[in-house]
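To keep things clear, I will list the structure first and then write my remarks on it.
Numbering (the numbering used here), first residue to last: 280 to 557.
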């Protein structure tokens, strides 16, 4: 376990994050390139996948982990037809954020000791968007939003995952909330179903765009069909908005997310113009 001396701030070695996507790995892999971050992709239950990021922006760049994963989750959710749940933690806080399309993200935060600092209504909105039972499951979530001296922040996140098990989400046991990002990556790499995903650069990306690579699926902008063009336009619009928001807030995470969406959407529109389909 990391020593207390090592837990020195939001970008310290105790920081980590997981991104749960409500889709199978085959659908998540193409869109995960939007992050431009080396990640490991694994199945996480029925119709769920988990992305385990390397964590460079908060480990090496000094960005708070919550801002980074908020931008990532938003970018992924806009770029795909399924929701994304980001779990994050650092030396002082932990929390989650659910992004779904162009809806306003919803989330909750706890102090490291487990003291809740979010709003109860966020839990109910989260339950409705994920499709949890409005009575039994909401009651379980409400308990996570109440003081409990025996539950620290990682325990709260594990409680959240226990509720999500009712809609099919199930993390591999090695991927425990509260672990540092490098330890999570090592554990994910040892899983037999682990798939490395990285931004395809240079020649490889051009070859895929030119060939209309079938593994990229119908939601990637350079496939050229009407849905892809509509998605590209949506990505450009969302990218501009996120860039403006990030610049106003001086948040590198939001700026990065906006830049990724803008670049990917522009690429899709350009491809649609130069490679029209009959």
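Glycine included, every Cβ here is placed at the ideal spot set by N, Cα and C.
In this structure, DSSP gives residue 362 a state outside helix and strand, which the three-state scheme calls coil. Residue pairing from DSSP places residue 295 in a beta bridge opposite 368. Here residue 294 has 337, 344 and 369 as same chain residues with Cβ atoms under 6 Å from its own Cβ, once five neighbours each way along the sequence are excluded.
The beta carbon of residue 433 sits closer than 6 Å to the beta carbons of 456 and 457 from its chain, once the five residues preceding and following it are set aside; these are given in chain order. Within its own chain, the residues whose Cβ lies closer than 8 Å to the Cβ of residue 352, once the five positions on either side in sequence are excluded, are 298, 363, 364, 365, 376, 377, 378 and 384, listed in chain order.
Annotated as distal: residue 319 and residue 428, with beta-carbon spacing of 7 Å or more. Around the Cβ of residue 415, a 10 Å sphere holds fewer than 16 other Cβ atoms; the residue is exposed. Looking at the DSSP output, residue 387 shares a beta bridge with 375.
Cβ-Cβ distances below 7 Å link residue 325 to 447 in the same chain, with the five nearest sequence neighbours on each side left out; the list follows chain order. About 6 Å separates the Cβ atoms of residue 450 and residue 329, confirming a contact at the 8 Å cut-off. Bounds of any alpha helix (DSSP H) do not take in residue 322; it lies within the beta strand (DSSP E) bounded by 318-322. Assigned with DSSP and collapsed to three states, residue 469 falls in coil, not helix or strand. Here residue 475 carries a strand assignment [DSSP, helix/strand/coil]. About 5 Å separates the CB atoms of residue 435 and residue 389; that is less than 8 Å, so the two are in contact.
One alpha carbon belongs to residue 469, the other to residue 461, and they sit about 13 Å apart. DSSP places residue 332 inside the beta strand (DSSP E), whose first and last residues are 328-332.
Contact check for residue 331 against residue 464 passes: the beta carbons are separated by less than 7 Å. Restricting attention to 367, 346 and 322, the CA atom closest to the CA of residue 302 is found in 322. Residue state for residue 452 is assigned as coil, using DSSP reduced to three classes.
Looking at the DSSP output, residue 395 bridges to 389.
For residue 430 and residue 445, the gap between their C-alpha atoms comes out near 21 Å. Residue environment: residue 373 is assigned as buried (16 or more neighbouring CB atoms within 10 Å of its CB, all protein chains considered). When the beta-carbon positions are compared, residue 406 and residue 420 come within less than 7 Å of each other. Distances from the alpha-carbon of residue 381 to those of 315, 334, 350 and 440 put 350 closest. A straight-line Cα-Cα distance of about 24 Å links residue 300 and residue 399.
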